[in-house]
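The block underneath contains the structure these notes are about, expressed in structure tokens.
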Amino acid sequence: MTAVRARAAVPAILSLAVALAGCSGSVGDVPLPGGADVGDRPYSVTVDFENVLDLVPQSAVKVNDVSVGRVTDVSLDGWHARVRLLINGDVTLPDDATASIRQTSILGEKFVSLAPPADGGSGRLGDGDAIPIASTGQNPEIEQVLGALSMVLNGGSVAKLSAITHELNDTIEGRESDLRILLRRLDTIVGTADDSKRDLVKALRQIDRLAGATRSQTTAIESALDRLPAALRVLDSQRDDLVEMISSLTSLSDVATEVIDKSHAATVRDLRRLAPIVAHLARSGDALIDALRVLPTFPFPDAVVGNTPERAAQTATGDYLNTVMDFTTDFGKTFAAMTPAERDAMITWLQSQDGVASVVAGSAVQ
Numbered sequence: 000m001t002a003v004r005a006r007a008a009v010p011a012i013l014s015l016a017v018a019l020a021g022c023s024g025s026v027g028d029v030p031l032p033g034g035a036d037v038g039d040r041p042y043s044v045t046v047d048f049e050n051v052l053d054l055v056p057q058s059a060v061k062v063n064d065v066s067v068g069r070v071t072d073v074s075l076d077g078w079h080a081r082v083r084l085l086i087n088g089d090v091t092l093p094d095d096a097t098a099s100i101r102q103t104s105i106l107g108e109k110f111v112s113l114a115p116p117a118d119g120g121s122g123r124l125g126d127g128d129a130i131p132i133a134s135t136g137q138n139p140e141i142e143q144v145l146g147a148l149s150m151v152l153n154g155g156s157v158a159k160l161s162a163i164t165h166e167l168n169d170t171i172e173g174r175e176s177d178l179r180i181l182l183r184r185l186d187t188i189v190g191t192a193d194d195s196k197r198d199l200v201k202a203l204r205q206i207d208r209l210a211g212a213t214r215s216q217t218t219a220i221e222s223a224l225d226r227l228p229a230a231l232r233v234l235d236s237q238r239d240d241l242v243e244m245i246s247s248l249t250s251l252s253d254v255a256t257e258v259i260d261k262s263h264a265a266t267v268r269d270l271r272r273l274a275p276i277v278a279h280l281a282r283s284g285d286a287l288i289d290a291l292r293v294l295p296t297f298p299f300p301d302a303v304v305g306n307t308p309e310r311a312a313q314t315a316t317g318d319y320l321n322t323v324m325d326f327t328t329d330f331g332k333t334f335a336a337m338t339p340a341e342r343d344a345m346i347t348w349l350q351s352q353d354g355v356a357s358v359v360a361g362s363a364v365q
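Dropping the structure here:
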């Protein structure tokens with residue numbers, strides 16, 4: 000009876016195996032127990048990663064460490080990985096959201112973490128949208144951290160710390176007092192700099208304004224720099240003359256100093272004598288200006304050339320003006336008012352004339 004049942008069960012088992020082999024599903028398609036509820040209206044999003052590590056389908060998708068969906072597919076697209084996510088329809092994310100591969104714990108499972116960008120983002124992530132590879136990343140693996148730490152501890156800088164410490168001790172030994180003085184001075188310098196930070200900030204701002212002002216003059220500055228070598232060559236060719244000129248300026252300075260020292264008293268005396276003149280000029284006020292207005296038309300009166308400078312200019316420009324003047328003078332009084340030197344000069348000149356010297360001499364005697 001047992002053999003008959005066994006023979007009857009073999010075809011049934013074979014039929015079941017063939018039926019299972021014909022199905023397209025797999026164990027990976029079976030939802031994990033306790034997974035996120037994607038609701039009745041989930042939406043699908045495609046995310047590109049450079050490396051997804053050991054992320055597998057049915058892994059969790061989280062926002063702020065709260066499960067909101069799951070990974071439905073992991074595939075290779077060229078040289079990067081493409082992950083398809085199924086997210087709960089009630090979850091709102093910006094259109095430029097970021098994605099990263101994270102781990103629940105040191106030995107925990109991987110999951111996809113979604114988050115808005117630092118500036119808050121814009122738009123809304125919807126069904127069929129994609130997150131580019133530029134907006135994705137991954138946290139360092141524990142294996143990478145331990146490997147880097149091992150490199151530092153075994154062949155890195157830790158082995159050199161001992162040598163650095165010994166060298167530092169050898170340098171400081173016997174110089175503790177000098178080091179304390181140095182530290183005090185550094186403290187003073189730092190304190191002074193801290194007290195002057197407003198001035199430093201002000202100076203930096205002024206430098207910034209200067210840089211901004213010179214930025215608009217870039218072409219002129221470049222042109223000046225291009226011409227600078229030629230100017231330097233000219234100065235170099237005239238170096239001897241420049242040195243001689245500077246030496247002459249030194250001599251001139253010495254002479255000028257000597258002249259100023261010697262004429263100091265006379266200069267002060269002349270300036271004091273000028274004080275009354277300047278005071279009278281100041282008191283004359285507008286009268287002096289009005290008097291100077293008739294100077295261009297002297298000796299013609301206003302009745303001839305006009306009562307205003309404008310009319311005088313219109314009258315005299317391009318014209319000829321004649322005048323007749325009579326002078327009455329007492330030559331004897333004029334000659335007597337002259338200095339001896341002026342009299343001698345006048346007599347010498349008059350002697351060169353015809354018969355005038357005797358008249359002058361007679362007038363001088365009287």
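Residue numbers for the sequence shown follow numbering that gives the first Met the number 0, beginning at 0 and rising by one.
All C-beta atoms, glycine included, are put in the ideal place defined by N, C-alpha and C.
DSSP places R69 inside the beta strand (DSSP E), whose first and last residues are V65 to D76. Around the C-beta of I105, fewer than 16 other C-beta atoms lie within 10 Å, and the residue is accordingly described as exposed.
If the five residues before and after D53 are omitted, its C-beta is found closer than 8 Å to the C-beta atoms of K109, all from its own chain and listed in chain order.
Between A98 and P115, the C-beta gap is not smaller than 7 Å, which leaves the two residues out of contact. Under the DSSP definition of a beta bridge, D47 partners with R81. Look at L113 here: in three-state DSSP terms it is strand. When secondary structure is reduced to three states using DSSP, T338 falls in the coil class, being assigned neither helix nor strand.
Per DSSP, reduced to three states, the secondary structure at R101 is strand. Its chain contains G88 as the residues whose beta carbon lies nearer than 7 Å to that of R40, once the 5 sequence neighbours on both sides are disregarded; these appear in chain order.
Counting other Cβ atoms within 10 Å of its Cβ, A281 stays below 16 and is therefore classed as exposed. DSSP places Q137 in the uninterrupted beta strand (DSSP E) bounded by T135 to Q137. Counting only residues of its own chain and dropping the five nearest sequence neighbours on each side, V51 has a CB closer than 7 Å to the CB of V73, A80, V82 and I100. Residue pairing by DSSP places A59 opposite R69 in a beta bridge. Around the beta-carbon of F48, 16 or more other beta-carbon atoms lie within 10 Å, marking it buried.
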